Amino acid sequence: MKIYKEIKDIKDELKRPILTIGNFDGVHLGHQAILKKIVSRAKEAGSSSIVFTFEPHPLKVVAPDKDIRLITSCEEKTRLLEDAGVDAVICANFTKEFAEQNPDDFVRDILHKKINVFEVYVGHDYAFGKAREGTISHLKELGKRYGFYVGIVEPVVIDNVVVSSSRIRRMILDGDVDNAAKFLGRNYALTGVVVKGAGRGRKLGFPTANIELPSELIPKDGVYAVKVKKGDKVYDGVANIGNKPTFKNERFGVEAFLFDFNGSLYNERLEIEFIKRIRNERTFKNAEELITHMKDDVSAAKKILKHPC
0 MKIYKEIKDI
10 KDELKRPILT
20 IGNFDGVHLG
30 HQAILKKIVS
40 RAKEAGSSSI
50 VFTFEPHPLK
60 VVAPDKDIRL
70 ITSCEEKTRL
80 LEDAGVDAVI
90 CANFTKEFAE
100 QNPDDFVRDI
110 LHKKINVFEV
120 YVGHDYAFGK
130 AREGTISHLK
140 ELGKRYGFYV
150 GIVEPVVIDN
160 VVVSSSRIRR
170 MILDGDVDNA
180 AKFLGRNYAL
190 TGVVVKGAGR
200 GRKLGFPTAN
210 IELPSELIPK
220 DGVYAVKVKK
230 GDKVYDGVAN
240 IGNKPTFKNE
250 RFGVEAFLFD
260 FNGSLYNERL
270 EIEFIKRIRN
280 ERTFKNAEEL
290 ITHMKDDVSA
300 AKKILKHPC
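Positions 0 to 308 (numbering that gives the first Met the number 0) are the ones given, in order, by the sequence shown.
Structural data, given as structure tokens:
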């Protein structure tokens, strides 16, 4: 898959481009429906399938006070787009100047003159240009003017709810990771490096990995059944997000106990898939009470991981 970091880098090798435009945060099932469309159309037409996306996320530029937390990093999003079979990704640098473009200029100067787009497919709620003034009907008018087709991909609906990035973000922040997985088409995951902890878990009989996470979308504090990827190996486990309320409320990111693993994980890079939230954080009277509940958490996690549905 070809990656263009700047619009100016786009060359003539893009053959009759069939393109979609959007943020694609999470690359969820709704996004995947659009990707399948452009990939299949490109194969039928002997064209290139292209995703036009942005870095950083537009809301981080036009509404920084909203403090949007992303489902996927740019690196992960790119990997998921490649997995979907896309030929090329244009990752435009989204600036305040870019945000000020009117819809007509964007289509004429970039989609038509620079990319020479052949077909464009977008979601049902797509809007573009300054203050999102450009509507789908206007895009279709511009398509007729510049000689490209515009198609609409219908939304994916699960349990009478339209799949969207904003809804998935709310689910994750609420700890509703199992339902978020239904909308994503995969388990929500975070990647981080194991850092040194106080070593209390080992003393309690549950050696844990303290994982430093990026300051993005972290699920609600609590205990979760998880799957932990270390290289090409996957371990079942249980993880706690938040504080250590029994021990003076020390703050940390994620503390994970891997079943059937012995050895050091210090400085290792781990990916944690969140399968289901087990319980809220609790403060226990002493270490013995904590150990009892940790055993219960392990038992609950094993049942969930054995029958995740």
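Note that beta-carbon positions come from the ideal geometry of N, C-alpha and C, so glycine has one too.
Just so we're clear, the structure is a prediction, and the values are computed from it rather than from any experiment.
Residues bridged to residue i (per DSSP)
{"i": "Cys90", "result": "Thr52"}
{"i": "Lys35", "result": "Lys35 is not bridged to any residue."}
{"i": "Thr190", "result": "Glu270"}
{"i": "Asn159", "result": "Per DSSP, none; premise fails for Asn159."}
{"i": "Thr19", "result": "Val50"}
{"i": "Ile167", "result": "Ile167 is not bridged to any residue."}
{"i": "Val227", "result": "Tyr234 and Ile271"}
{"i": "Gly221", "result": "Ile240"}
{"i": "Leu257", "result": "Gly236"}
Distance CB(residue i)-CB(residue j) smaller than 8 angstroms
{"i": "Glu132", "j": "Asn101", "result": "yes"}
{"i": "Arg168", "j": "Ile240", "result": "no"}
{"i": "Gly29", "j": "Val227", "result": "no"}
{"i": "Phe260", "j": "Val225", "result": "no"}
{"i": "Ile6", "j": "Ala91", "result": "yes"}
{"i": "Ile49", "j": "Ile17", "result": "yes"}
{"i": "Val161", "j": "Leu79", "result": "no"}
{"i": "Val152", "j": "Ile33", "result": "yes"}
{"i": "Gly236", "j": "Glu211", "result": "no"}
{"i": "Lys275", "j": "Val176", "result": "yes"}
{"i": "Leu257", "j": "Tyr234", "result": "yes"}
{"i": "Thr77", "j": "Val88", "result": "yes"}
{"i": "Val63", "j": "Phe93", "result": "According to the sequence shown, residue 63 is Pro rather than Val. Cβ distance not < 8 angstroms, so Pro63 and Phe93 don't count as in contact."}
{"i": "Ala83", "j": "Gln31", "result": "yes"}
{"i": "Arg68", "j": "Glu215", "result": "yes"}
{"i": "Ala208", "j": "Leu138", "result": "no"}
{"i": "Lys195", "j": "Ile157", "result": "no"}
{"i": "Tyr125", "j": "Ile135", "result": "yes"}
{"i": "Ala218", "j": "Gly174", "result": "For clarity, residue 218 is Pro in the given sequence; the question names Ala instead. Contact flag set, yes."}
{"i": "Gly122", "j": "Phe105", "result": "no"}
Beta-carbon separation (whole angstroms), residue i vs residue j, contact threshold 8 angstroms
{"i": "Ile37", "j": "Thr52", "result": "The Cβ separation is near 13 angstroms, so there is no contact."}
{"i": "Ser47", "j": "Asp86", "result": "5 angstroms"}
{"i": "Ala255", "j": "Ile277", "result": "Contact flag wrong, Cβ pair sits at about 13 angstroms."}
{"i": "Glu267", "j": "Lys229", "result": "6 angstroms"}
{"i": "Gly221", "j": "Asn279", "result": "5 angstroms"}
{"i": "Met0", "j": "Glu81", "result": "4 angstroms"}
Note to self: Within 8 angstroms, do at least three Cβ pairs link the segment 142 to 152 to the segment 113 to 125?
What the structure shows: Output reads yes: the segment 142 to 152 touches the segment 113 to 125.
Next item on the list: Could you name each continuous alpha helix (DSSP H) segment of 4 residues or more that falls completely within the segment 92 to 117, going from the start of the chain to the end?
Entry: With a minimum length of 4 residues, the continuous alpha helix (DSSP H) runs that stay inside the segment 92 to 117 are 95 to 98.
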